[in-house]
DNA sequence: ATATATTATCGTAATATTGCAATGAAACAA
DNA sequence: TTGTTTCATTGCAATATTACGATAATATAT
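Protein chains in written order, with the numbering used here: chain A, 1274 to 1382; chain B, 1274 to 1382.
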C-alpha cells in the first residue's frame, strides 16, 4: 500500500498528520528555521545553507508552499521565499492543541 | 533514494523531524488522542476504535513505542498502552520551541 | 492437555518519498 | 541576439511506508 486510509479519520486528525508530515524531514525543518532566522530568503541561499542539490531544495520548498506555510515572491531572476504568517499561526493553533493535551492519570502504567 | 541525509543536519533538526514523522499518519494521531481521552487502553480497543486491522494497529503502536511516546504494560493476555508522561513532555518542549518561533517582519512578502 | 483470547511478527504487494542529473523557463546583462 | 543566472520540472533509481493475511507467541480458562 504505502497509502494512508484517510477516510476513516476526522478532518482534524488528517490535518494534524499532514502538517506533521511536512515537518517530518530535517531539510524542511532546516529551511523553516532559516526562514525564521532571516527576514527574506531566496532558494539559492538555502542550497548553500543546507547541503542538498538545488532540485531537491526546490522540491522541499514546493511541499511547504503547497501546505501554505511559506510563500514565494518572484523578484527578477530569483524568488523570495518567506513564512506565511497567517497560515503558520493557524497551523500552530492546531498543533498546539494536539501537543498540549492534559496527560491523564493512568491507573495502569 | 527515499532516505533522508540526516548527517548534514543538527541533532535538534533530526529530532524534530523524527517526532513529526511519527505524527505524520492519522492513525497514530488517533491512537494518541484516544490514549489521552481515556486513562488506560489495550490494543483491542484501538482496533475497534480505529478501523484498521490488528497487525496494522500493532505496527503503529510499535513506532510510537520506539520513540518512547507510549509505553505498554503486559496484563494477562492483553497489553495496556498509555502515554509516557516524561517523554511526552520532553517531546512537547522541543516541538513547541520549533513551532513557537517569532515570525520575522519580512521586507519582501 | 486443549481451547480461547490477545498481541506480535513475518512476508508481501502497492504506493510514497527522497535525491539528483538533465533539462526547461523566465528575467536580466552585455 | 547571445549568454548568464536563478529557480522549476521531468525522469529515474533507491529506499521507506502502509496495510493486511497468515502465523507465532503468550497467558488464561476449562
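Yeah, the Cβ is synthetic: ideal placement off N, Cα and C, and Gly gets one too.
Beta-carbon proximity check, residue i vs residue j, cutoff 8 Å
i                       : j                       : result
residue 1331 of chain B : residue 1316 of chain B : yes
residue 1338 of chain A : residue 1355 of chain A : no
residue 1364 of chain B : residue 1292 of chain B : yes
residue 1274 of chain A : residue 1323 of chain B : no
residue 1325 of chain B : residue 1300 of chain B : yes
residue 1376 of chain B : residue 1358 of chain A : yes
residue 1334 of chain B : residue 1372 of chain A : no
For residue i: DSSP bridge partner residues
i                       : result
residue 1344 of chain B : B/1355
Inter-residue CB distance, residue i and residue j (contact presumed, cutoff 8 Å)
i                       : j                       : result
residue 1288 of chain A : residue 1367 of chain A : 6 Å
residue 1295 of chain B : residue 1348 of chain B : No, residue 1295 of chain B and residue 1348 of chain B are not in contact; Cβ-Cβ is about 25 Å, not under 8 Å.
residue 1302 of chain A : residue 1362 of chain B : 20 Å between Cβ atoms; not a contact.
Residue i at chain B interface by Cβ criterion, 8 Å
i                       : result
residue 1349 of chain A : no
residue 1328 of chain A : no
residue 1367 of chain A : no
residue 1363 of chain A : no
residue 1317 of chain A : no
residue 1370 of chain A : no
residue 1321 of chain A : no
CB contact check: residue i to chain A, cutoff 8 Å
i                       : result
residue 1339 of chain B : no
residue 1374 of chain B : yes
residue 1333 of chain B : no
residue 1360 of chain B : no
residue 1298 of chain B : yes
residue 1276 of chain B : no
residue 1302 of chain B : yes
residue 1342 of chain B : no
N-terminal and C-terminal residue of the alpha helix (DSSP H) that residue i is part of
i                       : result
residue 1288 of chain B : 1284–1295
residue 1319 of chain B : 1316–1322
residue 1332 of chain B : 1327–1339
residue 1306 of chain B : 1299–1310
Contact test: residue i Cβ vs the ligand NAP heavy atom, cutoff 7 Å
i                       : result
residue 1279 of chain A : Among the components of this structure there are no ligands whatsoever, and the ligand NAP is therefore not found.
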